[in-house]
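Visitor:
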Amino acid sequence: MLRRSEIKTLLKEQPAFDDISNCMRGAARFPNRALLKEVREIVALARKFNREVVVPHVLELDRKKQEDHDFLPWDIVKKANEWGFFTMWLPRFFGGHGYNYHSLFFFLEEIASECVAISNLIGVHYLGACAIFCVWNIRVANEIFRDVAKGEKTGVPCLLTAATTEPGAGTDCEEPELLDRGTIACHAKKVEGGYRISGTKIFISNGHLSTWHNVVCYEDPARPSATAVVCLVKTGSPGFSFGRQENKMGQLGCPASELILKDCFVPDRYVSMAPQQVAGLKGDHSDKTRKVLSHFFATSRLGVAAFGTGVARGAFEKAASFAATTRVNGKPLINHEWCQSLLAEMYKNAASARLCYIEGAYANAADGMTRPLYVKPLFYLFKYLPFDWAENLVSRMMSRNSVTWLFRKIQLDWQSEDQRFRAAGWGAIAKFIATDAGMKNSHLAVELMGQAGIRHDREAEKFLRDAKLLQVYEGTNQLNRVNAFEAFVGRHHPGVRVYEHE
1 MLRRSEIKTL LKEQPAFDDI SNCMRGAARF PNRALLKEVR EIVALARKFN REVVVPHVLE
61 LDRKKQEDHD FLPWDIVKKA NEWGFFTMWL PRFFGGHGYN YHSLFFFLEE IASECVAISN
121 LIGVHYLGAC AIFCVWNIRV ANEIFRDVAK GEKTGVPCLL TAATTEPGAG TDCEEPELLD
181 RGTIACHAKK VEGGYRISGT KIFISNGHLS TWHNVVCYED PARPSATAVV CLVKTGSPGF
241 SFGRQENKMG QLGCPASELI LKDCFVPDRY VSMAPQQVAG LKGDHSDKTR KVLSHFFATS
301 RLGVAAFGTG VARGAFEKAA SFAATTRVNG KPLINHEWCQ SLLAEMYKNA ASARLCYIEG
361 AYANAADGMT RPLYVKPLFY LFKYLPFDWA ENLVSRMMSR NSVTWLFRKI QLDWQSEDQR
421 FRAAGWGAIA KFIATDAGMK NSHLAVELMG QAGIRHDREA EKFLRDAKLL QVYEGTNQLN
481 RVNAFEAFVG RHHPGVRVYE HE
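Everything in the sequence shown is counted per the UniProt record's numbering, starting at 1 for the first residue and increasing by one.
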């Protein structure tokens, strides 16, 4: 990973950060100046990674996957590991580099502006981290995140996944209110010393590349929300295996895997949430499951919104570059008024999408999963505490059950429904606005470029293939619209019922 002094040099080379700087200057509610500084550092680092790693390999990676369905992009993963990207947003007291989660979304947009598949390779790892954060089992987080940090030091990447989707229940697994209506089959049987897990998970991004998998399973699949269990399964565990890789239209560089569990034993030390663990908190287990899923998807959908914004921006930049270098009727295409109007529309789409995920990030910091990390005393303690102290003193504290109890109390008991709905609603809005913008701009770029737009080497058609998938995962955009309606409209009108069968 680059040292902070090297990142500061990058900032001097590129003192202005275009639209991102403009957004951040207008962010009057940004929690503190330290966050703004880190965002600028991260964007500089992302741009350097794009120049040196992504741009030279983006088309080659896409071609390799088309030619060899079983190909895995280990070279890109190892490069990202060398640059420190798999620990950069893990708190320092867990062995990470401690950059704030706000900056992650800007990073994902920047990488996605060149290749959303590579952005997803990194972003999905933090989806796995979110699955650990949202249950706030600090002891498990401490062990797993330190395993990730060890992978950075040894040069052997240790990636995380989140495994929720099942063959008979896709979108139903991705919305708390629909979980009990889905055809759930992943069973967790309580046995002495842990659980035995049996079932299949599908469309798990980075599955074949990851070391640890956050598997959501159920003691009684007929009552999933009341019996949900979240546990960590390590690649190579007896009873765990990989199935096929999905043959996707887009984002080929990020594999989507099938995970198969057949009587796979998970010891209690790797069970991050189970009914008996949270029995002392308020409400029944169904209520806690809804809050955990709400926290998880409120955050993960912001990541997808950042991908969508990156695609919208990348498609705009390819179209603008084409228009500036192509002549029509004796003058540059970009000098035609119709072209200028189209490019202005594309620019508007990308800028609007960015503003939405930034607003969602504010809501998440104030009311969502990452709220405890932005309490000012804790924020500055974790940021400036000497690393040796964080390693020795704070790490020991993390293993205490009382610390896990406190964080769970804050997130599961002390969070109001209004706070939960604000975070979830803005996650949903950002997701469907940004991914629709990515799809729209990709389509417009292909139209503007004509025959050149469908050539692989011009990349516009790749943006179009990549963008479509964004509208589907982390809950379809139709589902996210209903989620936003529930959060901001429906619940304020007595008698309105949401998620009703037709």
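Here a beta-carbon is modelled for each residue, glycine too, at the ideal position from N, C-alpha and C.
1. By the DSSP assignment, the beta strand (DSSP E) with V233 in it spans what residues?
2. Under the assumption that N142 contacts S402 (Cβ atoms under 8 angstroms), give the Cβ distance between them as a whole number of angstroms.
3. Could you give the distance in angstroms between the alpha-carbon of N81 and the alpha-carbon of N329?
4. Would you identify the three-state DSSP class for K288, choosing helix, strand or coil?
5. E110 and residue 534 - do their beta-carbons sit closer together than 9 angstroms?
6. Compare the Cα-Cα distances from N349 to each of K376, F297, A437 and H336 and report the closest residue.
7. Nearest CA to the CA of S416: which residue from A428, K291, F316 and G427?
8. My guess is that C254 and N120 are in contact by the Cβ rule of under 8 angstroms, so how many angstroms apart are they, rounded?
9. Can you tell which of S257, F105 and G236 has its C-alpha closest to the C-alpha of E246?
10. Please list the terminal residues of the continuous beta strand (DSSP E) segment that includes H336.
11. Rank D180, K153 and S237 by C-alpha distance to the C-alpha of A221 and give the top, closest one.
12. So which of V39, D70 and W83 has the shortest CA-CA distance to F105?
13. Less than 9 angstroms between the beta carbons of T211 and L281, yes or no?
14. In chain order, what residues of the same chain have a beta carbon less than 8 angstroms from the beta carbon of H493, not counting five sequence neighbours either side?
15. Cα separation between A424 and K331?
16. With which residues is Q245 paired in a DSSP beta bridge?
17. Count the CB pairs spanning the stretch 154 to 170 and the stretch 212 to 231 that are closer than 8 angstroms, and state whether there are at least three.
18. Given a cut-off of 9 angstroms on the beta-carbon distance, is the pair L252 and K65 in contact?
19. Count the other C-beta atoms from every protein chain shown that fall within 10 angstroms of the C-beta of D367, then say buried if there are 16 or more, exposed otherwise.
20. Are G427 and A306 closer than 9 angstroms when you measure CB to CB?
21. Identify the residues that DSSP records as bridge partners of Y218: which are they?
22. Since I believe A323 is in contact with L333 (beta carbons under 8 angstroms), could you give me their beta-carbon distance rounded to a whole number of angstroms?
23. Report, in whole angstroms, the separation of the C-beta atoms of F297 and G151, which I expect to be a contact under 8 angstroms.
24. Quick check on the DSSP output: the beta strand (DSSP E) that includes V271 runs from which residue to which?
25. Quick check on this structure: which residue in D413, F133, I260 and A226 has the alpha carbon closest to the alpha carbon of R196?
26. State the start and end residues of the unbroken alpha helix (DSSP H) segment that holds Y101.
27. Please classify S294: does DSSP put it in a helix, a strand, or coil?
28. Just the Cα atoms here: how many angstroms apart are L373 and Y380?
29. State the Cα-Cα distance for the pair E486 and G155, rounded to the nearest angstrom.
30. Tell me, which residues are paired with G194 by DSSP?
31. For K48, verify whether its CB is less than 8 angstroms away from any heavy atom of the ligand SAM.
32. Beta-carbon within less than 6 angstroms of L469's beta-carbon, same chain only, minus the 5 sequence neighbours each way: which residues are those?
33. Roughly how many whole angstroms lie between the Cα atoms of G26 and C264?
34. Could you check if F387 is buried or exposed, using at least 16 other CB atoms within 10 Å of its CB as the buried criterion?
35. Taking V311 as the reference, give the member of F463, G193 and L35 with the closest Cα.
36. Which class does V135 belong to by DSSP, given the choice of helix, strand or coil?
Guide: According to the structure data:
1. Mapped onto the sequence shown, residue 233 falls at position 233. Boundaries of the beta strand (DSSP E) harbouring V233: A228 to K234, taken from the DSSP string.
2. The residue you call residue 142 lines up with position 142 of the sequence shown. The residue you call residue 402 lines up with position 402 of the sequence shown. Rounded, the Cβ-Cβ distance is 14 angstroms, inconsistent with contact.
3. Here residue 81 is taken as the residue at index 81 of the sequence shown, counted from 1. Here residue 329 is taken as the residue at index 329 of the sequence shown, counted from 1. In this structure, the straight-line span from the alpha carbon of N81 to that of N329 is close to 49 angstroms.
4. Taking the first residue of the sequence shown as 1, we reach residue 288 at position 288. Helix.
5. An answer regarding residue 534 cannot be provided, because it is not within the stretch 1 to 502 covered by the chain.
6. As a first step, residue 349 must be located in the sequence shown, where it is residue number 349. Distance check between N349 and each of K376, F297, A437 and H336 places A437 closest, using alpha-carbon atoms only.
7. Residue numbering aside, residue 416 sits at position 416 when the sequence shown is read from its first letter. Minimum Cα distance to S416 is reached at K291.
8. Counting from 1 along the sequence shown, the entry for residue 254 is found at position 254. Counting from 1 along the sequence shown, the entry for residue 120 is found at position 120. In this structure C254 touches N120 by the C-beta definition: roughly 4 angstroms separates them, less than 8 angstroms.
9. For this step, residue 246 is matched to residue 246 along the sequence shown. When only C-alpha atoms are compared, the closest one is S257.
10. Counted from its first residue, the sequence shown places residue 336 at position 336. If you look at H336, you'll find it isn't in any beta strand (DSSP E); DSSP assigns it neither H nor E.
11. Here residue 221 is taken as the residue at index 221 of the sequence shown, counted from 1. The amino acid occupying residue 221 in the given sequence is Pro; Ala does not appear at that position. It is D180 whose Cα lies nearest to the Cα of P221.
12. As a position in the sequence shown, residue 105 is number 105, starting the count at 1. Of the listed residues, the one whose Cα sits closest to F105 is V39.
13. Taking the first residue of the sequence shown as 1, we reach residue 211 at position 211. Taking the first residue of the sequence shown as 1, we reach residue 281 at position 281. No. Outside cutoff.
14. One-based indexing of the sequence shown puts residue 493 at position 493. Excluding positions up to five away in sequence, the list is empty.
15. The sequence position of residue 424 within the sequence shown is 424, counting from 1. The sequence position of residue 331 within the sequence shown is 331, counting from 1. Approximately 49 angstroms between the Cα atoms of the pair.
16. As a working mapping, residue 245 is identified with position 245 in the sequence shown. Beta-bridge pairing links Q245 to S257.
17. The stretch 154 to 170, when compared against the stretch 212 to 231, does touch it at the 8 angstroms Cβ threshold.
18. Locating residue 252 in the sequence shown gives position 252, where the first residue counts as 1. Locating residue 65 in the sequence shown gives position 65, where the first residue counts as 1. Going by C-beta atoms, L252 is nearer than 9 angstroms to K65.
19. Locating residue 367 in the sequence shown gives position 367, counting from the first residue. With 16 or more other Cβ atoms within 10 Å, it is buried.
20. By one-based count along the sequence shown, residue 427 stands at place 427. By one-based count along the sequence shown, residue 306 stands at place 306. Their beta carbons are not under 9 angstroms apart, which means G427 does not touch A306 by this criterion.
21. In the sequence shown, residue 218 corresponds to position 218, counting from 1. For Y218, which the question treats as bridged, DSSP gives the partners H187 and A228.
22. For the purposes of this step, residue 333 is taken as the residue at position 333 of the sequence shown. For the purposes of this step, residue 323 is taken as the residue at position 323 of the sequence shown. Beta-carbon to beta-carbon, L333 and A323 are separated by about 4 angstroms, close enough to satisfy the 8 angstroms threshold.
23. By one-based count along the sequence shown, residue 297 stands at place 297. By one-based count along the sequence shown, residue 151 stands at place 151. By a beta-carbon distance limit of 8 angstroms, F297 does not contact G151. Their separation comes to about 27 angstroms.
24. Position 271 of the sequence shown holds residue 271. V271 to M273 is the extent of the beta strand (DSSP E) around V271.
25. One-based indexing of the sequence shown puts residue 196 at position 196. Comparing Cα-Cα distances from R196 to each of D413, F133, I260 and A226, the minimum goes to I260.
26. The sequence position of residue 101 within the sequence shown is 101, counting from 1. Looking at the DSSP string, the run of the alpha helix (DSSP H) that includes Y101 is Y101 to A112.
27. In the sequence shown, residue 294 corresponds to position 294, counting from 1. In the three-state scheme derived from DSSP, where H, G and I count as helix and E and B as strand, S294 is classed as helix.
28. Here residue 373 corresponds to residue number 373 of the sequence shown, with the count starting at 1. Here residue 380 corresponds to residue number 380 of the sequence shown, with the count starting at 1. Cα to Cα, the separation comes out at about 10 angstroms.
29. Against the sequence shown, residue 486 aligns to sequence position 486. Against the sequence shown, residue 155 aligns to sequence position 155. So the alpha carbons of these two residues sit roughly 45 angstroms apart.
30. Here the question's residue 194 lines up with position 194 in the sequence shown. Within the DSSP secondary-structure output, G194 pairs in a beta bridge with V191 and P267.
31. Of the ligands one can find in the structure shown there are none, so the ligand SAM has no counterpart to examine.
32. Locating residue 469 in the sequence shown gives position 469, counting from the first residue. Same-chain partners within the cutoff: G250 and Q251.
33. Working through the sequence shown from its first residue, we reach residue 26 at position 26. Working through the sequence shown from its first residue, we reach residue 264 at position 264. Annotation note: pLDDT 42 at G26 (below 50); position unreliable, coordinate value reported separately. One C-alpha to the other measures close to 51 angstroms.
34. Stepping through the sequence shown from its first residue, residue 387 is reached at position 387. F387 should be labelled exposed.
35. Counting from one through the sequence shown, the residue named residue 311 turns up at place 311. For V311, the closest C-alpha among the options F463, G193 and L35 is that of F463.
36. One-based indexing of the sequence shown puts residue 135 at position 135. Note: V135 maps to coil in three-state DSSP.
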